[in-house]
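Numbering (UniProt numbering), first residue to last: 1 to 208.
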């Protein structure tokens, strides 16, 4: 059982959502949050259009092409959007804990680790669209204040860097500790819970 409360888990999930959205730059990028226990439209969905704009929809509206089915959200307010998403999941969808959720994504944003103010990806870093997602995530102003899980995991990553002077080892240690402390699974990052590196291959680390 996690040493953190359900409120702590939701605060960590909020950080995750903001970091994921920061990397959504390509028209193929889609991010959905669904219940594990039901085959139904996603609880919420985010899409990026060809102009780089982000769109948010709820429930069955995610499957609709009608005008007004999705609402544009501001890239300058990703922290607020993530906070609102958590409120929708907890208050309107009545989800008790993020462990009840299934996360899925497509496009370049799903092939780069989802970390606030840090990041890594597999391969040699030659893919410009994945590099753009990586840079956007690590440089975004993601609010981690009050996120006890992020703070605890980041301390492990910093200890790994102090011992090895290796950014890649530190980054993966950070992601692995996040996986250990969270009650829910991030399927996009290299962790013991997922058992693989996104895209396969050797991770490329970057941090400002």
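Backbone N, C-alpha and C define an ideal beta-carbon position, used for all residues, glycine too.
Check, Outcome
"Buried versus exposed call for residue 71 [16 or more other C-beta atoms within 10 Å across all chains shown]", "exposed"
"Contacting residues, own chain, Cβ-Cβ under 7 Å from residue 182 (five flanking each side not counted)", "9, 12, 149"
"From 56, 107, 79, 74, residue whose alpha carbon lies closest to that of residue 68", "56"
"Beta-carbon proximity of residue 180 to residue 107, cut-off 8 Å", "no"
"Three-state secondary structure assigned by DSSP to residue 142", "coil"
"Sub-8 Å separation of residue 115 and residue 175 beta-carbons", "yes"
"Three-state secondary structure (DSSP) of residue 4", "coil"
"Boundaries (first-last residue) of the alpha helix (DSSP H) holding residue 158", "148 to 164"
"Three-state secondary structure (DSSP) of residue 46", "strand"
"Beta bridge counterpart(s) of residue 105 as assigned by DSSP", "31"
"Beta-bridge pairing of residue 57 - partner residues as DSSP gives them", "45"
"Residue 147, buried or exposed, once every other Cβ within 10 Å from all chains shown has been counted against 16", "buried"
"Among 17, 48, 5, the one whose alpha carbon lies nearest that of residue 25", "48"
"Nearest-angstrom Cα separation, counted from residue 53 out to residue 3", "38 Å"
"Inter-residue Cα distance where the pair is residue 103 and residue 155", "26 Å"
"Integer Cβ distance of residue 43 from residue 37, believed to fall under 8 Å", "Contact doesn't hold; Cβ gap of about 12 Å is too wide."
"Buried versus exposed call for residue 98 [16 or more other C-beta atoms within 10 Å across all chains shown]", "buried"
"Beta-carbon spacing of residue 86, residue 73 below 8 Å", "no"
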